[in-house]
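Under the working numbering, the first residue of the sequence shown carries the number 32, and numbering increases by one thereafter.
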Amino acid sequence: MRPLSPRERKLVALLILVLAVSLVLIVVIGPVVSGFGERAARRDALVQTFHANEQRIGSLNALQAEAERQAGELRSLFMAAPDGDEAGETLRERLESAAQDAGGDIKASEAVPAEPGWARAAIDARMSHAQLANLLAGLNALKPALAVDRLTVIADDALTNSRSDLLDVRLEATAPFVPAR
């Protein structure tokens, strides 16, 4: 191999210098520049999170109002009572009151044991056909709503007196309840 001329040596030195500078750029400066980009992306993500959190905080009043509205609706759909026994007594009182408002004569009433989350009650009353219709219409309009599980109508007086309009009625109803706070 022949020795390199001074011009070739300068070119090789220049090539080595270019390789060294590019190696420094790749190894040292490249990660620094990419770190700036990563930190900028993280800053953008934090800014977006911050704005999303600001919107959530701003909507807390609306969410609070919605929760209160839903709690009010819940109270209108379900009876509130500390426990099942109290709920049963409340339902019994509601049935008695509805029967008396319809004009019926209450013979007996009781709170019947029920499944958890439900209240159950029954009344025995004496009333006319029209009063029974009024009672059922009144129960249908009650809030919170209840379900009539069983309605037994006995018209014994009609056997002896065809003009008798009196009925012996046993009505059993259930209603859901939520624990009162």
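We put the CB at the ideal spot given by N, CA and C, even for glycine. Since this is a predicted model, take the numbers as computed values, not measurements.
Exercise. Who are the Cβ neighbours of G119 in its own chain at under 8 Å, not counting the five residues just before and after it?
Worked result: As a first step, residue 119 is located in the sequence shown; it is residue number 88 there, counting from the start. Taken in chain order, the residues that qualify are A142, V143, P144, A145, A150, R151, A152.
Problem set entry | Three-state secondary structure (DSSP) of A211 | Residue mapping note: residue 211 aligns to position 180 of the sequence shown, counting from 1. Three-state DSSP puts A211 in coil, outside helix and strand.
Exercise. By Cβ distance below 6 Å, which residues in the same chain neighbour F208 in space, the five residues on each side in sequence not counted?
Worked result: Here residue 208 corresponds to residue number 177 of the sequence shown, with the count starting at 1. Cβ neighbours of F208 beyond the five flanking positions: F109, M110, A112, A118, A150.
Exercise. For E146, which of helix, strand or coil comes out of DSSP?
Worked result: The residue given as residue 146 occupies position 115 in the sequence shown. DSSP places E146 in coil when its eight states are reduced to three.
Problem set entry | N- and C-terminal bounds of the beta strand (DSSP E) containing R181 | For the purposes of this step, residue 181 is identified with residue 150 of the sequence shown, where counting begins at 1. Where R181 is concerned, the enclosing beta strand (DSSP E) stretches over 178-185.
Problem set entry | Residue from A133, I154, S107 with nearest C-alpha to E124 | For this step, residue 124 is matched to residue 93 along the sequence shown. Checking every option, the nearest Cα to that of E124 belongs to I154.
Exercise. Starting from M110 and walking both ways along the beta strand (DSSP E), at which residues does that stretch end?
Worked result: Position 79 of the sequence shown, counted from the start, is the residue given in the question as residue 110. Per DSSP, M110 belongs to the beta strand (DSSP E) from 110-112.
Exercise. Along the chain, where does the alpha helix (DSSP H) that runs through D116 open and close?
Worked result: What you label residue 116 is simply residue 85 of the sequence shown in a count that begins at 1. Counting along the chain, the alpha helix (DSSP H) containing D116 begins and ends at 115-133.
For this session: Check R201 in the structure and name its three-state DSSP category.
Result: Locating residue 201 in the sequence shown gives position 170, where the first residue counts as 1. Strand.
For this session: Give the secondary structure of R33 by DSSP, where H, G and I count as helix, E and B as strand, and everything else as coil.
Result: As a position in the sequence shown, residue 33 is number 2, starting the count at 1. R33: coil per DSSP, three-state reduction.
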